[in-house]
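For reference, the structure is listed below as structure tokens.
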Amino acid sequence: NESLIVRAEGMPDLTVPINEEEYLANEDVNVSCSGISTTDPENQTCKLGDIMSKSAGKEAEQWFTRYLNKTDINKTGKPEARYVLCRMLSGSARNLVDYCGPNARKDMLGLPQSKMQGFNVRKNDGASFQDFAPFLMTSQNSCDWLAEQMGTPDYPLTPF
340 NESLIVRAEG MPDLTVPINE EEYLANEDVN VSCSGISTTD PENQTCKLGD
390 IMSKSAGKEA EQWFTRYLNK TDINKTGKPE ARYVLCRMLS GSARNLVDYC
440 GPNARKDMLG LPQSKMQGFN VRKNDGASFQ DFAPFLMTSQ NSCDWLAEQM
490 GTPDYPLTPF
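Here my numbering is used: the first residue of the sequence shown is 340, the next is one more, and so on.
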């Protein structure tokens, strides 16, 4: 079985499965895709829809919750938050034609539609829930593939 190993300083390695079948019995998590626009001068809030996903399990939840609550950098004294690692299920991507391109639904975004109409989207183009997520996880294999596509010896993970 394929797995993803998550590492962070001061934390034990966390191993989570990759295959969708290993998530099917786990807790359902509704991921709400929304945020404040970075392209709209008025910074309007966008609601891009919900995606049903599956939790990676209690061990992953405890690992991320412990790690991400370790340090309050800004000393705000905020209460601890709960962090859940989720896996999107196949067939649950948001359909991009609802959000951009010449036929975008006018009620989908709180943004001026002219900004989104110029995108060339196809009928079956989809997007996951990463658009406004605060964390992006990638693998070394993905970076190696990207470097190969770019014709460079490697692609650094440091920007991520």
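Even glycine gets a Cβ: it sits at the ideal position worked out from N, Cα and C. Since we're looking at a predicted model, the values are computed, not measured.
Original post:
In its own chain, which residues sit with a C-beta less than 8 Å from the C-beta of R405, not counting the 5 before and 5 after it?
Top reply: M350
**OP:** Ignore the nearest five residues each way along the sequence and tell me which others in M427's own chain have a CB closer than 8 Å to its CB.
**Re:** V370, I390, S392, S467, F468
Original post:
Straight-line CA distance for R461 to G430?
Top reply: If you take the alpha carbons of R461 and G430, they lie about 16 Å apart.
Subject >> Which residues DSSP lists as bridging L343, in chain order >> reply: In DSSP, L343 forms a bridge with V355.
Original post:
How big is the Cα-Cα spacing for E400 and N358?
Top reply: For E400 and N358, the distance between alpha carbons rounds to 18 Å.
Original post:
Going by the CB atoms, is the gap between V355 and S394 shorter than 7 Å?
Top reply: no
**OP:** Report all residues from its chain with a CB closer than 8 Å to the CB of E341; omit the five preceding and five following residues, and keep chain order.
**Re:** Leaving aside the five residues that flank E341 on each side, the residues in its chain whose CB is nearer than 8 Å to its CB run, in chain order, P356, I357, N358.
Subject >> R421, buried or exposed, once every other Cβ within 10 Å from all chains shown has been counted against 16 >> reply: exposed
**OP:** Check whether the Cβ atoms of L424 and F403 lie closer than 7 Å to each other.
**Re:** yes
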